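So the protein sequences, as listed, match chains A and R.
Count along the first sequence from 1, add 930, and you get the number used in our numbering.
Count along the second sequence from 1, add 930, and you get the number used in our numbering.
Idealized CB from N, CA, C, for every residue including glycine.
Everything numeric in this text was worked out from a predicted model, so none of it was measured.
There are 2 protein chains.
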Amino acid sequence: MASTPPPPYVAVLFTNRLAPGTDHAYDTTAARMLALAQTIDGFFGIESIRAADQTGITISYWRDYESIETWRTHPEHLDAQAAGRREWYDWYELRIAEVTRASSYTASNV
Amino acid sequence: MASTPPPPYVAVLFTNRLAPGTDHAYDTTAARMLALAQTIDGFFGIESIRAADQTGITISYWRDYESIETWRTHPEHLDAQAAGRREWYDWYELRIAEVTRASSYTASNV
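Dropping the structure here:
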C-alpha cells in the first residue's frame, strides 16, 4: 500500500515480463533502483508485484512530471534501463498517468 | 500486456490484499467481473497480478470517465464491490488516472 497525498499527482505504470533465467544482477539492480528512487525529490511511493509466470506490475507515484523526469534521466537509472532492455525484459509497457481521484478501504479487523 | 490505443485514455489502478483463506467464491466472482467488464463500451484492456502474499495489482484501461462510470455502477459490479468489502479484501486502494504518455518495448528474440 503506497501512502500518497490527495490527488492530483502522477503515476508511472510499468508492466513487464522478465526473460526466463533472469540472473541475480536483476534483483540487485531492482533493489538499488528502489533505493535510488526514494532519494528523488517528489517520490511519493511504489507498489510492485511479480507473479510466478514472471510478469510484473510496478506503479510508482510522483509529485509531478518534473520529478519523474529527474528520475527518468538519472545516470544510474539510465544504465539500469539499458541493461533491462539488453538483458532482462522480454517486453515492457510504460505509461505516465495523472491521478485525479483516489479512495481506499481497510477492513475493520485488519 | 494490454493493447491500448495511443493516449489519452483512462486507467483504473486497483491495489489490494485479500484476507487469508479467501474462498472459491472470490475466484468465481473475479472471473465473472472480468467477463462483464469486457462487455462495457469503452473497455480497452486489463492487467492483473497477484503475489503469493495475497497482495494484488489490477490495472484496467478505459476510453473515458463515462465508460468507467458505466462499469462502476453496473448492478452486478456493485454487488461484487459490496462482497469484496464484506468478505474478501483486507484493504484496497483505488485510483483513477488519465494516461498521457505510453511507450513499449519487445525484445527481438521474443
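Relative to the C-alpha of residue i, which residue among the options is closest?
i: residue 1032 of chain R; options: A:934, A:943, A:958, A:997; result: A:943
i: residue 994 of chain R; options: R:1036, R:946, R:1029, R:948; result: R:1029
i: residue 1040 of chain R; options: A:1007, A:935, A:938, A:949; result: A:949
i: residue 1020 of chain R; options: R:962, R:986, R:967; result: R:986
i: residue 1018 of chain A; options: R:999, R:1024, R:1036; result: R:1036
i: residue 946 of chain R; options: R:1006, R:1004, R:989; result: R:989
i: residue 966 of chain R; options: R:997, R:1023, R:1026; result: R:997
i: residue 956 of chain A; options: A:1009, A:1027, A:934, A:1038; result: A:1009
i: residue 1022 of chain R; options: A:938, A:1038, A:953, A:1027; result: A:1038
i: residue 932 of chain R; options: R:1001, R:978, R:999; result: R:978
i: residue 1024 of chain R; options: A:1025, A:935, A:1034, A:951; result: A:1034
i: residue 934 of chain R; options: R:952, R:991, R:964; result: R:991
Under 8 Å, Cβ to Cβ, is there at least one residue of chain A near residue i?
i: residue 1025 of chain R; result: yes
i: residue 1020 of chain R; result: yes
i: residue 945 of chain R; result: yes
i: residue 993 of chain R; result: no
i: residue 882 of chain R; result: As displayed, chain R neither begins before 931 nor continues past 1040, which places residue 882 of chain R out of reach and without an answer.
i: residue 967 of chain R; result: no
Does chain R have any CB closer than 8 Å to the CB of residue i?
i: residue 963 of chain A; result: no
i: residue 979 of chain A; result: yes
i: residue 1034 of chain A; result: yes
i: residue 1030 of chain A; result: yes
i: residue 987 of chain A; result: yes
i: residue 1002 of chain A; result: no
i: residue 1037 of chain A; result: yes
i: residue 949 of chain A; result: yes
i: residue 1012 of chain A; result: no
i: residue 955 of chain A; result: no
i: residue 960 of chain A; result: no
Quick one: what does DSSP say residue i is sitting in, helix, strand or coil?
i: residue 1015 of chain R; result: helix
i: residue 1002 of chain A; result: helix
i: residue 961 of chain R; result: helix
i: residue 933 of chain R; result: coil
i: residue 1038 of chain A; result: coil
i: residue 967 of chain A; result: helix
i: residue 982 of chain A; result: coil
i: residue 949 of chain A; result: coil
i: residue 1020 of chain R; result: strand
How would you label residue i, buried or exposed, when you count the other beta carbons within 10 angstroms and need 16 or more for buried?
i: residue 941 of chain A; result: buried
i: residue 962 of chain A; result: exposed
i: residue 982 of chain R; result: exposed
i: residue 969 of chain R; result: exposed
i: residue 1003 of chain A; result: exposed
i: residue 958 of chain R; result: exposed
Cβ contact (3+ pairs, closer than 8 Å) linking the segment 1002-1017 of chain A and the segment 973-987 of chain A: no
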